[in-house]
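Peer 1: To get our numbering, take the position in the sequence shown, counting from 1, and add 459. By construction, the Cβ of each residue, glycine as well, lies at the ideal position given by its N, Cα and C atoms. Sharing a structure with you now.
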Amino acid sequence: MTVMNLKRIAEAVLLLAVMAGCTSRPTNEQANGSDADVATEAVFTEKIVPEYAEGFEIRYEGKAALVDIHDPQSESAGEYHYALVRRGDQSTSIPEGYEKLEIPVRSVICMTSLQLSNFIKLGETERVTGITSTRHLFNETMNQQLKSGKTVKIGIEGNFNNEAVMSMNPDLILISPFKRGGYEALKDVGIPLVPHLGYKEMTPLGQAEWIKFVGLLCGMEKEANACFQTIEQRYNELKALTADGKVKRRPVVFSGELRGGNWYAVGGKSFLAQLFKDAGADYFLKDDERSGGVTLDFETVYNQADNADYWRIVNSYPGEFSYEALKEQDARYADFKAFREHGIIYCNMKTTPFYEEMPTAPEVILADLLHIFHPELLPDHKPVFYKLLKE
């Protein structure tokens with residue numbers, strides 16, 4: 460048997476292993492293979508078709524995948540257009556208005572935990588050579604890459620270390636163009652800036668479906684589709700438990716805390732509001748037409764949520780969070796029914812990989828909330844992200 464045949468057998472075995480689950484990890488040679496090797500592989504063996512995500516569209520023309528990215532919360536926001544072609548392919552013509560990207564990408568910089576969560580879920584962290592922050596970073600593999608220097612910190616939005624970026628020379632940088640930004644300086648580096656707008660999606664499955672976009676960038680469409688199909692199936696199974704009046708009572712839930720005198724929440728068309736609805740509860744701002752952040756004063760929140768059954772809080776409390784600790788922050792908190800009757804739903808980001816895992820685990824989040832709102836529906840569920848605060 461020739462060396463080439465042995466190599467092909469080995470590659471086939473490896474591909475089967477990758478397809479067996481979402482979290483397989485490539486070797487360095489796979490992630491950083493030579494252009495010649497990658498160019499011989501079929502890039503579009505499986506199509507990506509977004510069904511829930513509204514922030515990206517894909518159409519296939521010849522040897523190119525044409526990707527259109529836009530803000531799902533605003534039709535007037537700018538659009539971004541990319542033509543994804545096989546690495547090393549110089550023959551494919553690129554439509555006017557599209558920026559060429561060669562795939563699979565070998566190295567990428569992630570600006571947010573949401574972006575990073577896609578690579579973690581796919582077992583592709585070795586492609587991530589730069590991140591902005593290590594705050595609340597739990598993933599063991601990523602921490603080892605940082606320790607070894609395979610991945611480096613590039614600073615924070617608005618204050619990037621351009622020299623560090625250029626030294627890594629990644630294939631592309633994933634950005635969040637409608638956040639604080641600071642990306643103008645990065646444009647001078649000459650590395651493609653590609654928006655990842657999962658954080659703008661208004662449904663949990665829409666946000667999770669951005670794993671397909673990352674799968675396309677990595678040349679792992681089959682694996683990404685399989686991952687999302689598993690997420691989608693379980694999410695919809697759980698969602699069906701509360702659909703069509705199957706629950707006798709829908710509790711009311713509110714969210715947020717006071718920060719600098721303002722109460723920060725999200726509107727009734729948001730990702731979070733949809734999550735509460737699918738879990739069989741009513742969000743206190745469910746009739747609000749906004750999809751993004753909402754700033755309120757305490758009196759407005761109290762008037763609408765004083766008798767709400769549950770209060771969702773996510774923070775980074777140093778130590779053991781409790782009702783007493785919450786009351787010490789503002790004595791008025793104790794006036795809420797959810798406080799008096801111990802209905803606080805809590806997640807501490809200091810001890811839980813919330814933003815690192817939550818975007819690609821909406822079915823787990825939904826199960827946590829279902830277990831709290833309607834414990835009879837999931838009596839054996841063990842909380843992962845959210846739990847009721849006991850004391």
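What are the boundary residues of the beta strand (DSSP E) that includes I772?
Peer 2: The residue you call residue 772 lines up with position 313 of the sequence shown. Residues Y769 to N774.
Peer 1: Roughly how many whole angstroms lie between the Cα atoms of A738 and V508?
Peer 2: One-based indexing of the sequence shown puts residue 738 at position 279. One-based indexing of the sequence shown puts residue 508 at position 49. Answer to the nearest angstrom: the Cα atoms are 26 angstroms apart.
Peer 1: Is there contact between the region 707-715 and the region 731-746, where contact requires at least three CB pairs shorter than 8 angstroms?
Peer 2: yes
Peer 1: Assuming contact is defined by CB atoms lying nearer than 8 angstroms, are Y792 and A784 in contact in what I supplied?
Peer 2: The sequence position of residue 792 within the sequence shown is 333, counting from 1. The sequence position of residue 784 within the sequence shown is 325, counting from 1. Result no, Cβ atoms of Y792 and A784 do not sit closer than 8 angstroms.
Peer 1: Which runs of the alpha helix (DSSP H) spanning at least 4 residues fall entirely within the region 600-682, listed in chain order?
Peer 2: 621-627, 643-646, 663-667 and 669-676
Peer 1: P629 to G547, Cα distance in whole Å?
Peer 2: Within the sequence shown, the letter at position 170 stands for residue 629. Within the sequence shown, the letter at position 88 stands for residue 547. Taking the straight line from one Cα to the other gives about 16 angstroms.
Peer 1: Going by beta carbon distance, what residues of the same chain come within less than 6 angstroms of L874, once the five residues before and after it are set aside?
Peer 2: Only positions 460 to 850 of the chain appear in this structure, which leaves residue 874 out of reach.
Peer 1: Would you kindly work out how many angstroms separate the C-alpha atoms of K846 and T819, rounded to a whole number?
Peer 2: Along the sequence shown, read from residue 1 onward, the residue named residue 846 stands at position 387. Along the sequence shown, read from residue 1 onward, the residue named residue 819 stands at position 360. Each residue's alpha carbon lies about 19 angstroms from the other.
Peer 1: Just the C-alpha distance for L652 and D789, rounded to the nearest angstrom, thanks.
Peer 2: In the sequence shown, residue 652 corresponds to position 193, counting from 1. In the sequence shown, residue 789 corresponds to position 330, counting from 1. Going by the C-alpha atoms only, they are around 43 angstroms apart.
Peer 1: Are L631 and L560 touching if we call contact CB-CB under 8 angstroms?
Peer 2: For the purposes of this step, residue 631 is taken as residue 172 along the sequence shown, with counting starting at 1. For the purposes of this step, residue 560 is taken as residue 101 along the sequence shown, with counting starting at 1. It is a contact, given that the beta carbons lie within the stated cut-off.
Peer 1: Relative to the C-alpha of A523, which candidate in G582, T504 and T689 has its C-alpha closest?
Peer 2: Position 64 of the sequence shown, counted from the first residue, corresponds to residue 523. Checking every option, the nearest Cα to that of A523 belongs to T504.
Peer 1: How far does the alpha helix (DSSP H) with I824 in it reach, from first residue to last?
Peer 2: Position 365 of the sequence shown, counting from 1, holds the residue named residue 824. That run of the alpha helix (DSSP H) goes P821 to F832.
Peer 1: Write down the C-beta distance between N766 and K796 rounded to the nearest angstrom, noting that I regard them as a contact closer than 8 angstroms.
Peer 2: Indexing the sequence shown from 1 puts residue 766 at position 307. Indexing the sequence shown from 1 puts residue 796 at position 337. Yes, they are in contact, since the Cβ atoms of N766 and K796 sit about 5 angstroms apart, within 8 angstroms.
Peer 1: Going by DSSP in three states, E691 sits in which element: helix, strand or coil?
Peer 2: Within the sequence shown, numbered from 1, the residue matching residue 691 stands at position 232. It is helical.
Peer 1: Looking only at C-alpha atoms, which of Y658, D827 and L700 sits nearest to S572?
Peer 2: As a working note, residue 572 is residue 113 in the sequence shown. Among Y658, D827 and L700, the Cα nearest to that of S572 belongs to Y658.
Peer 1: Thinking C-alpha only, which one of E850, T701, V760 and M817 is nearest L836?
Peer 2: Locating residue 836 in the sequence shown gives position 377, counting from the first residue. Checked all of E850, T701, V760 and M817; the closest Cα to L836 is T701.
Peer 1: Can we say the region 714-730 touches the region 682-699, given the rule of at least three CB pairs closer than 8 angstroms?
Peer 2: Taking a contact to require three or more Cβ pairs closer than 8 angstroms, the region 714-730 and the region 682-699 do not qualify as touching.
Peer 1: Taking 7 angstroms as the line, does the beta carbon of V611 fall inside it for any heavy atom of the ligand NAP?
Peer 2: Because no ligand of any kind appears in the structure shown, any question about the ligand NAP cannot be addressed here.
Peer 1: Could you compute how far the alpha carbon of N684 sits from the alpha carbon of G665?
Peer 2: Position 225 of the sequence shown holds residue 684. Position 206 of the sequence shown holds residue 665. Distance between the alpha carbons of N684 and G665: 13 angstroms.
Peer 1: By the three-class DSSP mapping on this structure, what secondary structure does S781 have?
Peer 2: Translated into the one-based positions of the sequence shown, residue 781 becomes position 322. Note: S781 maps to coil in three-state DSSP.
Peer 1: Look at the alpha carbon of K580 and the alpha carbon of G649, and state the distance between them as a whole number of angstroms.
Peer 2: Looking up residue 580 in the sequence shown gives position 121. Looking up residue 649 in the sequence shown gives position 190. Near 29 angstroms, if we compare the C-alpha coordinates of G649 and K580.
Peer 1: List the endpoints of the continuous alpha helix (DSSP H) containing F735.
Peer 2: Mapped onto the sequence shown, residue 735 falls at position 276. In the DSSP assignment, F735 falls within the unbroken alpha helix (DSSP H) covering F730 to D737.
Peer 1: Between the region 591-600 and the region 810-818, can you find at least three pairs of beta-carbon atoms closer than 8 angstroms?
Peer 2: For the pair of segments examined, the region 810-818 was found to touch the region 591-600: the number of CB pairs separated by less than 8 angstroms reaches three.
Peer 1: With a cut-off of 8 angstroms, do at least 3 Cβ pairs link the region 530-543 to the region 603-613?
Peer 2: The region 530-543, when compared against the region 603-613, does not touch it at the 8 angstroms Cβ threshold.
Peer 1: Pick out the complete beta strand (DSSP E) segments inside the region 497-538, 3 residues or longer, and give them in chain order.
Peer 2: Listed in chain order, the complete beta strand (DSSP E) runs (minimum 3 residues) inside the region 497-538 are 515-520 and 523-529.
Peer 1: Give me the DSSP bridge partner(s) of E558.
Peer 2: If you number the sequence shown from 1, residue 558 lands on position 99. Paired residue(s): Y541.
Peer 1: Tell me which residue opens and which closes the beta strand (DSSP E) that L755 is part of.
Peer 2: Looking up residue 755 in the sequence shown gives position 296. Unbroken beta strand (DSSP E) run through L755: G752 to L755.
Peer 1: Give the DSSP-derived three-state secondary structure of K698 in the structure shown.
Peer 2: What you label residue 698 is simply residue 239 of the sequence shown in a count that begins at 1. Three-state result, K698: helix.
Peer 1: Determine which residues share a DSSP beta bridge with F713 and list them.
Peer 2: Within the sequence shown, numbered from 1, the residue matching residue 713 stands at position 254. Answer by DSSP bridge pairing, in chain order: W770.
Peer 1: With a threshold of 16 other CB atoms inside 10 Å of the CB of G411, please say whether the residue is buried or exposed.
Peer 2: What the structure shows of the chain is the stretch from 460 to 850, and residue 411 is not part of that stretch, so it cannot be assessed.
Peer 1: Let me know if N577 comes out buried or exposed under the rule of 16 or more other beta-carbons within 10 Å of its beta-carbon.
Peer 2: Residue 577 sits at position 118 when you count from the first residue of the sequence shown. Burial call: buried.
Peer 1: On the three-state DSSP scale, how would you describe C686?
Peer 2: The count along the sequence shown starts at 1 and reaches residue 686 at position 227. Of the three classes helix, strand and coil, the one that applies to C686 here is helix, per DSSP.
Peer 1: From S493 to V587, what distance separates their C-alpha atoms?
Peer 2: Here residue 493 corresponds to residue number 34 of the sequence shown, with the count starting at 1. Here residue 587 corresponds to residue number 128 of the sequence shown, with the count starting at 1. At S493, the pLDDT of 45 sits below 50, so the modelled position is not reliable and the matter cannot be decided from this model.
Peer 1: Can you tell which of H655, P663, V567 and D647 has its C-alpha closest to the C-alpha of M627?
Peer 2: By one-based count along the sequence shown, residue 627 stands at place 168. Among H655, P663, V567 and D647, the Cα nearest to that of M627 belongs to V567.
Peer 1: Taking Cβ to Cβ, would you say E822 is nearer than 8 angstroms to F730?
Peer 2: Here the question's residue 822 lines up with position 363 in the sequence shown. Here the question's residue 730 lines up with position 271 in the sequence shown. No, these two residues do not count as a Cβ contact at 8 angstroms.
Peer 1: So what does DSSP say about K796, is it helix, strand or coil?
Peer 2: Sequence index remark: in the sequence shown, residue 796 carries index 337 (1-based). Helix.
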